[in-house]
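The structure appears below as structure tokens.
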Amino acid sequence: MKRAVGIRIAAITAAAWIGIGVHSAAASTLCVAKTGNCYRTIQAALRAAHAGDTIAIGRGTFRGGLHVTTSVRLLGRGPGRTVIRGGGSVITIGRFGATDEPTVSIAGVTVTGGLTHTSPESVAFTG
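In the numbering used here, each residue's number is its place in the sequence shown (first place is 1) plus 73.
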């Protein structure tokens with residue numbers, strides 16, 4: 074499943090129908106897996122996620138180089154069963170110079186194989 078659809082409610086006020094659009098305040102769970110009706114990459118799920126969502130990652134090895142800009146929970150099937158590998162910085166959380174940063178929880182995964190020497194943003198400060 075990709076994303077739950079928002080809820081629509083209607084209220085009766087003074088004998089008139091008034092439609093009020095409401096997005097569900099409840100967090101969603103987005104899945105990432107190699108098969109089934111899930112996102113194929115973690116980054117695709119991250120792009121679709123809203124604050125508070127959980128991204129459930131299936132068994133297997135998934136490409137790193139992730140950029141997390143939303144407060145989410147990344148939940149794998151267990152260390153050794155779910156692996157996020159490579160991609161320079163395997164996982165980058167937040168944005169350079171942002172006034173607010175996301176809160177991210179990561180559990181049940183092995184993160185490995187990253188290698189980054191410097192940040193592209195540092196050039197502006199150090200030449």
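In this text, a Cβ means the ideal position worked out from N, Cα and C, and glycines have one as well.
Using a 10 Å radius around the Cβ and a threshold of 16 neighbouring Cβ atoms, would you call residue i buried or exposed?
i	result
Leu139	buried
Gly160	buried
Ala83	For Ala83, the pLDDT reaches just 27, beneath the cut-off of 50, and the residue's location in the model is therefore unreliable, although a value from the coordinates is still provided. The residue is exposed, with fewer than 16 neighbouring Cβ atoms inside 10 Å.
Leu119	buried
Leu188	exposed
How is residue i classed by DSSP in three states: helix, strand or coil?
i	result
Ala180	strand
Arg158	strand
Arg146	strand
Leu119	helix
Gly133	strand
Is the beta carbon of residue i sitting closer than 8 angstroms to the one on residue j?
i	j	result
Ile115	Phe135	yes
Thr155	Ile130	yes
Val177	Gly137	no
Can you tell me which of the options puts its alpha carbon nearest to the alpha carbon of residue i?
i	options	result
Arg158	Thr185, Leu103, Gly151	Thr185
Ala171	Arg113, Ala122, Val105, Val141	Val141
Which residues in the same chain have their Cβ closer than 6 angstroms to the Cβ of residue i, if we skip the five residues on either side of it in sequence?
i	result
Thr102	Thr127, Ala129
Lys107	Gly133
Gly149	Ile130, Thr155, Gly181, Val182
Ala124	Thr143, Ser144
Give every residue of the same chain whose Cβ lies closer than 8 angstroms to the Cβ of residue i, excluding the five residues on either side of it in the sequence, and list them in chain order.
i	result
Gly153	Thr183
Among residues of its own chain, excluding the 5 on either side of residue i, which ones have a beta-carbon nearer than 7 angstroms to its beta-carbon?
i	result
Ala100	Gly125, Asp126, Thr127
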